[in-house]
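Count along the sequence shown from 1, add 2, and you get the number used in the numbering used here.
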Amino acid sequence: MFDVALFGSVFVTLFVIMDPPGITPIFLALTSGRPTKVQRRMALQAVFVAFGVIAVFGVFGQQILDYLHVSVPALMVAGGLLLLLIALDLLTGKTDEPTQTKDVNVALVPLGMPLLAGPGAIVTVILAVQEADGLGGQFAVWAAILVMHVVLWLVMRYSLLVIRLIKDGGVVLVTRLSGMLLSAIAVQQIANGIIQFVEQA
């Protein structure tokens, strides 16, 4: 039987961690200046990347971490440092990349990983898959993961309408605010990782 309670629990947890409303201004800042068609493609690419990363960790996550001797706190600190670098670029206006790679790179990093498929989401999925009972439980977990990514895609795709309203000046403001938000997220993630390191020592 399909476990509705487990589906709801995993979906709500992932929604809080992946935060579709919170990712919107960051997505707008990172994709500003691109044609609408490219922005939509980037939204889809980011979601596919995030789903792919989370699916791999959902199936092989614990084995991967054990094999590489990587702890969850180390994963959190690494992801936090990567986000901090991106945040500094947003704050200083250095978001341009080489023309031939910028669309793919922004969709992969930081949108796909570690913003969407961050340490929190990865750990949540690893634990949910491990604790799910039977076929119904597993189906509920993976259904929640899939629905969450559909929600992320819809939010990012239709957030592009905002760009038409706020124009270039608004995009610059959103970029700076996104940098501040992202830097705060990064520092919090690094701090949480360090705290867990200390607790496990």
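Every residue, glycine too, gets a C-beta built ideally from N, C-alpha and C.
Quiz item: Once you ignore the five residues that flank Ser180 on each side, which residues in its own chain have a CB closer than 6 Å to its CB?
Solution: Pro27, Ile28, Ala31, Leu92, listed in sequence order.
Exercise. May I have the straight-line CA-CA distance separating Phe50 from Glu201, to the nearest angstrom?
Key: It is roughly 35 Å from the alpha-carbon of Phe50 to the alpha-carbon of Glu201.
Practice problem: Ignore the nearest five residues each way along the sequence and tell me which others in Val176's own chain have a CB closer than 6 Å to its CB. | Solution: Answer for Val176: Pro27, Leu30, Ala31, listed in chain order.
Quiz item: Going by alpha carbons, who is nearest to Ile66 out of Pro23, Val125, Gly24?
Solution: The shortest Cα separation from Ile66 among Pro23, Val125, Gly24 belongs to Val125.
Exercise. Would you identify the three-state DSSP class for Ile56, choosing helix, strand or coil?
Key: Residue state for Ile56 is assigned as helix, using DSSP reduced to three classes.
Quiz item: Which value, in whole angstroms, describes the spacing of the CA atoms of Ile60 and Val131?
Solution: Strictly speaking, residue 60 in this sequence is Gly, with Ile absent from that position. When rounded, the distance between both Cα atoms is 6 Å.
Quiz item: So Val14 is in the alpha helix (DSSP H); what residue range does that whole segment cover?
Solution: Its alpha helix (DSSP H) spans residues 6-20.
Practice problem: Rounded to whole angstroms, what's the CA-CA distance from Gly195 to Val143? Just pull it up for me. | Solution: For Gly195 and Val143, the distance between alpha carbons rounds to 26 Å.
Exercise. Using beta-carbon positions only, say whether Val174 and Pro22 come within less than 9 Å of one another.
Key: No. Outside cutoff.
Quiz prompt | Buried or exposed by the 16-neighbour rule on C-beta atoms within 10 Å, applied to His151 | solution = Classification of His151: buried, given that the 10 Å Cβ count is 16 or more.
Self-check item: With 16 other Cβ atoms within 10 Å as the buried cut-off, status of Asp5
Solution: In summary, Asp5 is buried, with 16 or more beta-carbon neighbours lying within 10 Å of its beta-carbon over all protein chains present.
Exercise. Would you decide whether Phe62 is buried or exposed? Buried here means 16 or more other CB atoms lie within 10 Å of its CB.
Key: So Phe62 counts as exposed.
Exercise. Spell out a yes or no on whether the region 71-87 and the region 8-16 are touching, meaning 3 or more CB-CB pairs, one atom from each, closer than 8 Å.
Key: The answer is no - the region 8-16 does not touch the region 71-87, with fewer than three Cβ pairs under 8 Å.
Practice problem: Please determine, among Thr33, Leu86, Gly35, Val72, the residue with the shortest C-alpha to C-alpha distance to Ala193. | Solution: It is Leu86.
Quiz item: Buried or exposed: which applies to Thr38, given that a residue is buried once 16 or more other Cβ atoms fall within 10 Å of its Cβ?
Solution: Exposed.
Quiz item: Of the choices Gln64, Leu84, Leu46, Ala134, whose alpha-carbon is the least far from that of Ala186?
Solution: The closest CA to that of Ala186, considering only Gln64, Leu84, Leu46, Ala134, is found on Leu84.
Practice problem: Can you give me the start and stop residues for the alpha helix (DSSP H) that Met3 sits inside? | Solution: Per DSSP, Met3 lies in no alpha helix (DSSP H) segment and is marked neither H nor E.
Quiz item: Which of the three DSSP states, helix, strand or coil, is assigned to Asp135?
Solution: Coil at Asp135, not helix or strand.
Quiz item: Taking the alpha-carbon positions, what's the Trp155 to Ala45 distance?
Solution: Taking the straight line joining both Cα atoms gives about 6 Å.
Exercise. Inspect the beta-carbon positions of Met115 and Val55 and report whether they are closer than 9 Å.
Key: Against a cut-off of 9 Å, the Cβ pair of Val55 and Met115 comes out as a contact.
Quiz item: Between which two residues does the alpha helix (DSSP H) containing Ala109 stretch?
Solution: Note, Ala109: premise wrong, no alpha helix (DSSP H); not H, not E.
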